[in-house]
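So the sequences go chain by chain: A and B. Under our numbering, read the first sequence as residues 14 to 467, first letter to last. Under our numbering, read the second sequence as residues -18 to 278, first letter to last. Every residue, glycine too, gets a C-beta built ideally from N, C-alpha and C. Remember, it's a predicted structure, so these values are computed and weren't measured experimentally. In what follows, a structure is listed as structure tokens, so that the remarks can point back to it.
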Amino acid sequence: METFAILADAATLADFAAARQQMAFTLGFHIILASIGIGLPAITLLAEWRALRTGDEVYAELARRWMKAAGVLFAVGAVSGTVLSFEMGTLWPGFMDTYGQVFGAAFAMEGIAFFIEAIFMGIYLYGWDRLPPRTHFLTGIPVVIAGLMSASFVVTVNAWMNNPRGFTLVDGEVTEVDPIAAMLNPNTPVQAAHLILASLMVCGFTVASVYAVALLRDHRRGRPLDPYHRRGFAIPFTLGAICAPLQVLVGDWAVRHVHEHQPIKFAAMEGIEHTGGGQPFKFAIFEIPGALSLMTTFDVNGVLRGLDSFPVGERPPAEVVRIGFELMIAIGVALLALAAWWALAWWRHRKGRRDLPYRPWFLRIAAPAGVAAMVAMEAGWTTTEVGRQPWIVYGVMRTEEAVNPSPGLRFGLYAVLAVYAVLTVATISVLRRMRRRPERAQERPRPREVEVVG
Amino acid sequence: MSYPDIALGLILLGLSAYLLFGGADFGAGLWHLLARHRRDREVIEHAMGPVWEANHVWLIFVMVMTWTAFPPVFADVMSAHWVPLSLAALGIVARGSAFVFAKAAPSRAYAWVFGISSVLTPYCMGAVAAVIATGGSSWLSPAGAYGGALTTGLCAYLAAVYLTWDGRRLDRADSAERFRACALVSGTVVGLIALPGALTLGVGSPLITASALAGVVSLALLLLRRFLAVRVTAALAVATVLWGAAGLADLDLHAVAAHDAVLQIVLAALGVGTLILVPSMIWLFVLFQRAPERPAA
């Protein structure tokens, strides 16, 4: 429908900017919840598995707590995800009109995976007292698998937007579609791996942060460290620490991939102004001559394309992309160092020489790791999304061709900002209240329906 | 039958399921807001427990199917009605999170947010549906207001009907009786709103007859306190309203349908998905109808 292309010119720039900000904001919000939705069931299962193996009540208690938090966050993630599917149409009808069918199959599969995840989440949550322990543990496994699959299917769509294929375009009309080719575009494996590792890191370090603070409080009050807090820290932090080095490797793969497939995004990320050989590696104020060329092409004099080799109208906002990229790298390296510290402590602990580093100075550094991982994830997301601009479908459709031509989109943005601000405050306050209420298994009141039915 | 026909059938099926299950959740939110007795609210909370997340995906299913199978229809509807649809989306956010928050850490404020958003969301969706069905322009037009009010009423009626059985199942005869009264009143009111509208707009007569009959039978079953049987007839009475509206819209979808290659893959994926989904969903429902067997310590 070409009416969109014509009408799109009528939408004011403020509305266009508002649509982009709304999408970025709601996606950035959802991505955090989705990460926790992937990671939290995984660490819950780790704790439950330890509880089954050891019969240790502390692990069972951790699993029960995390499961409840996962239930709450899953619900918020489900609604914030629903908003995104509305926004696909209310904000980007031009995009959906032309390309909805090309990537639609991926969303259908994502929907199925999400449905399975939701159902097993329900079974897992409500089966706690209704199923035998081993069966209950097993019902958690589909939650994790379906969560990973659902994330991967969604990523295929973003990967496709960065590397579109699987369709033929004749006069702006999609004439032939191969949905599988669209899903299995070259960006999919690297983006999926990068996002899943990022999710596990965000979740692992964030949950660990909560217990790092609790352990610091134990220290301050001069009490022995609560085993509940120690394990609550150790399980998720170990998960994050295992992912950190893997993420560095995948990140390197991702950068090389971008260099090959989206050279302009690469130029923006690395801040290459002019095409030429022997590009220096620049980071903040540091500069190593020839290093970027060496790292990318394995040749100190290797030629890399700069922003100047692309028409002005096709360049992304390079500063935003570069800052996002550098922020992600800086945090990634810091988390890697923290992971190495933990690994070393673990190794020495196994050899019986030292205790795990539950000392205040380690905990003080570990406590902000959760927030840092979130920032890194958002920065990385900004890098890839802003780096794709001005295209919504790289090289094929410009973002302004896709936007809803209706006036007033900015008021939608204001409403969304207001509702999400309240939602964020409420979510955090609920999680804090849940944390305060003691829920040791033996103190739990009998479930209500027992009084009612029996 | 062509692939677009199957896709359309599935979309209608998804919409019906969303109305019958998700709609009842909205209605339950309304009754939760209006309930004077704590016991009634407890029945509502208990009945909605694990189901809402599962019910919710019907809507996502409908949207994904529409944008995949009929991309221009999705683009047109969503962009033209972005205001009420954005309100509905925010209503879903407010409702879903308020419900789960209230459960995790009770507070009066959540109950209010939950109740109000439970009315706002079906109203907005019903208004959009009516505008599409009648070929109108704005959700604020009389047709939109009619559709919004009717949809909200249908949801309230369904919820009251379902809750009568939940009240009995949970051994709360007094709650069941109050929900029965709600169902009788809301059923009568909704019937009186729906029938003249359907006749004026020229909905296909077999559907009107079916809906009216099912509605009358439902009222009779409620009077007889046949709380399980009335679930079926009430669902039929409500679903026929949706089908009538869909028939009224009479969209020519073949011209805008996606390529067969797309629809084949989507249908295959749905087939495989169903094989996993249906048994797990049955398990969830069975599990939930059962009291704990492993009481804590």
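Opposing strand residues paired with residue i [DSSP bridges]
i: Glu488/A; result: What is shown of chain A runs 14 to 467, which leaves residue 488/A out entirely.
i: Phe296/A; result: Phe299/A
i: Val316/A; result: Gly290/A
Collapsed DSSP secondary structure at residue i in the structure displayed
i: Arg461/A; result: With a pLDDT of 37 at Arg461/A, under the threshold of 50, the modelled position of that residue is not reliable, and the figure given next carries that caveat. The answer is helix: DSSP assigns Arg461/A an H, G or I state.
i: Leu410/A; result: Checking the sequence, you will find Met at residue 410/A rather than Leu. Residue state, collapsed to three classes: strand.
i: Ser261/B; result: helix
i: Ile405/A; result: strand
i: Leu(-11)/B; result: helix
i: Arg22/B; result: helix
i: Lys364/A; result: coil
i: Gln34/A; result: helix
i: Tyr371/A; result: coil
i: Gln270/B; result: coil
i: Thr25/A; result: coil
i: Asp288/B; result: Nothing in the structure corresponds to residue 288/B, since chain B is present only between -18 and 278.
i: His240/B; result: coil
i: Ala121/A; result: helix
i: Trp141/A; result: coil
i: Met(-18)/B; result: coil
i: Val416/A; result: coil
i: Ile56/A; result: helix
i: Trp224/B; result: helix
i: Glu456/A; result: For Glu456/A, the predicted structure reports a pLDDT of 40, less than 50, and the residue's modelled location is therefore unreliable. A value from the coordinates is still provided. Three-state result, Glu456/A: helix.
i: Val198/B; result: helix
i: Gly337/A; result: helix
i: Phe55/B; result: helix
i: Val184/B; result: coil
i: His62/B; result: coil
i: Asp6/B; result: helix
i: Pro123/B; result: helix
i: Pro381/A; result: coil
i: Val118/B; result: One point to set straight first is that residue 118/B is Ser, not Val, in the sequence displayed. DSSP places Ser118/B in coil when its eight states are reduced to three.
i: Gly345/A; result: helix
i: Trp355/A; result: helix
i: Gln204/A; result: helix
Integer Cβ distance of residue i from residue j, believed to fall under 8 angstroms
i: Ala212/B; j: Tyr143/B; result: The displayed chain sequence assigns Arg, not Ala, to residue 212/B. At roughly 6 angstroms, the Cβ-Cβ gap stays under 8 angstroms, so Arg212/B and Tyr143/B are in contact.
i: Val215/A; j: Met410/A; result: Going by Cβ atoms, the distance from Val215/A to Met410/A rounds to 31 angstroms, so no, they are not a contact pair.
i: Leu65/A; j: Arg147/A; result: 7 angstroms
i: Ala205/A; j: Val168/A; result: 5 angstroms
i: Gly134/B; j: Leu101/B; result: 14 angstroms between Cβ atoms; not a contact.
i: Ala69/B; j: Ala83/B; result: No, Ala69/B and Ala83/B are not in contact; Cβ-Cβ is about 21 angstroms, not under 8 angstroms.
i: Trp63/B; j: Ser419/A; result: 6 angstroms
i: Leu86/A; j: Gln35/A; result: Leu86/A to Gln35/A, Cβ: 22 angstroms. No contact.
i: Ser119/B; j: Val109/B; result: Contact flag wrong, Cβ pair sits at about 10 angstroms.
i: Gly179/A; j: Val45/B; result: Contact doesn't hold; Cβ gap of about 18 angstroms is too wide.
i: Ser222/A; j: Ala380/A; result: 5 angstroms
Exposed unless 16 or more other CB atoms sit within 10 angstroms - verdict on residue i
i: Ser163/A; result: buried
i: Trp173/A; result: buried
i: Arg275/B; result: Any answer about Arg275/B is weak, because its pLDDT of 48 lies below 50 and its placement is not dependable; what the coordinates show is given next. Per the 10 Å Cβ criterion, exposed.
i: Asn314/A; result: exposed
i: Ala226/B; result: buried
i: Met(-18)/B; result: exposed
i: Ala353/A; result: exposed
i: Arg161/B; result: buried
i: Leu203/B; result: buried
i: Phe299/A; result: exposed
i: His149/A; result: buried
i: Phe424/A; result: exposed
i: Tyr532/A; result: Since the first and last residues shown for chain A are 14 and 467, residue 532/A lies out of range.
i: Arg234/A; result: exposed
i: Tyr427/A; result: exposed
i: Gln245/B; result: exposed
i: Arg335/A; result: buried
Closer than 7 angstroms: residue i CB and nearest the ligand COA heavy atom
i: Phe160/B; result: Judged by which ligands are present, the structure shown has none, so any question about the ligand COA falls away.
* To do: Please list the residues of the region 345 to 365 of chain A that have a C-beta atom closer than 7 angstroms to any C-beta atom in chain B, keeping them in chain order.
  => Taken residue by residue, none of the region 345 to 365 of chain A has a beta-carbon sitting less than 7 angstroms from a beta-carbon on chain B.
* With 7 angstroms as the limit, tell me which residues of the region 251 to 268 of chain B have their beta carbon closer than that to any beta carbon of chain A; keep them in chain order. => Taking 7 angstroms as the cut-off between beta carbons, the residues of the region 251 to 268 of chain B near chain A are Leu251, Gly254, Ile257, Leu258, Ser261, Met262, Trp264, Leu265 and Leu268, in sequence order.
* Asked: Which residues, taken in chain order from the region 89 to 109 of chain B, show a beta carbon closer than 7 angstroms to some beta carbon of chain A?
  -> Answer set for the region 89 to 109 of chain B: empty.
* Listed in chain order, which residues of the region 406 to 420 of chain A have Cβ atoms closer than 8 angstroms to some Cβ of chain B? -> Residues Asn417, Pro418 and Ser419.
* To do: Select from the region 222 to 245 of chain B all residues with a C-beta closer than 7 angstroms to any C-beta belonging to chain A, and list them in chain order.
  => Of all residues in the region 222 to 245 of chain B, those with a C-beta nearer than 7 angstroms to a C-beta of chain A are Ala239, His240, Ala242 and Val243, reading in chain order.
* To do: Identify each residue in the region 119 to 132 of chain A for which the Cβ-Cβ distance to at least one residue of chain B is less than 7 angstroms, and report them in chain order.
  => Cβ contacts with chain B: Phe120, Ala121, Met122, Gly124, Ile125, Phe127, Phe128, Ile129, Ala131 and Ile132.
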